[in-house]
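Everything on this sheet refers to the single structure shown next.
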Amino acid sequence: MSSFKPLDPLLHSQLRLAVMSLLIGLEEAEFTFLKEKTESTAGNLSVQLDKLEKAGYIKIEKSFRDKRPLTTCSITPAGVKAFESYVENLKNYIS
């Protein structure tokens, strides 16, 4: 079993993994886009994004567009590294 490296528990959550999977291919994404694509509630997504931001995996920017709040997320270099490592470790379990 020593060839199986531990999987990052932060990324092992379905919603957080979905968010990271979306962000890995995008420069940035709006909260509403992530909510729609993950089919999550605003509250749950907000909590999970906060966890990813506290880990340094994503960056969250809050601004306004036409006087309405706008939340934009982007993956950080640490997030890219963590995601790629997670995927590589997961491949060891599958193959």
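Note that full-length UniProt numbering gives residue 14 to position 14 of the sequence shown, counting from 1, and the numbers run on in steps of one.
Yeah, the Cβ is synthetic: ideal placement off N, Cα and C, and Gly gets one too.
Remember, it's a predicted structure, so these values are computed and weren't measured experimentally.
Practice item. Assign Thr-72 to one of three DSSP states: helix, strand, or coil. Key: strand
Check your understanding: Distance, Cα to Cα, Leu-23 vs Thr-71?
Key -> 14 Å
Practice item. Compute the Euclidean distance between the alpha carbons of Lys-59 and Cys-73, then round it to the nearest angstrom. Key: 6 Å
Review point. Can you find at least 3 beta carbon pairs, one from the stretch 2-15 and one from the stretch 33-45, that sit closer than 8 Å?
Key: The answer is yes - the stretch 33-45 touches the stretch 2-15, with three or more Cβ pairs under 8 Å.
Review point. So, is Ala-82 buried or exposed, given that buried needs 16 or more other C-beta atoms within 10 angstroms?
Key: buried
Point to revise | Buried or exposed (CB count within 10 angstroms, at least 16 for buried), Ile-8 | key: Strictly speaking, residue 8 in this sequence is Asp, with Ile absent from that position. Buried, because 16 or more other Cβ atoms sit within 10 Å of the Cβ of Asp-8.
Practice item. Kindly identify the DSSP beta-bridge partner or partners of Glu-30. Key: Thr-72
**Study point:** Three-state secondary structure (DSSP) of Met-1
**Key:** Confidence at Met-1 is low in this model, with a pLDDT of 49, below 50, so the placement of that residue is unreliable and no value is reported for it.
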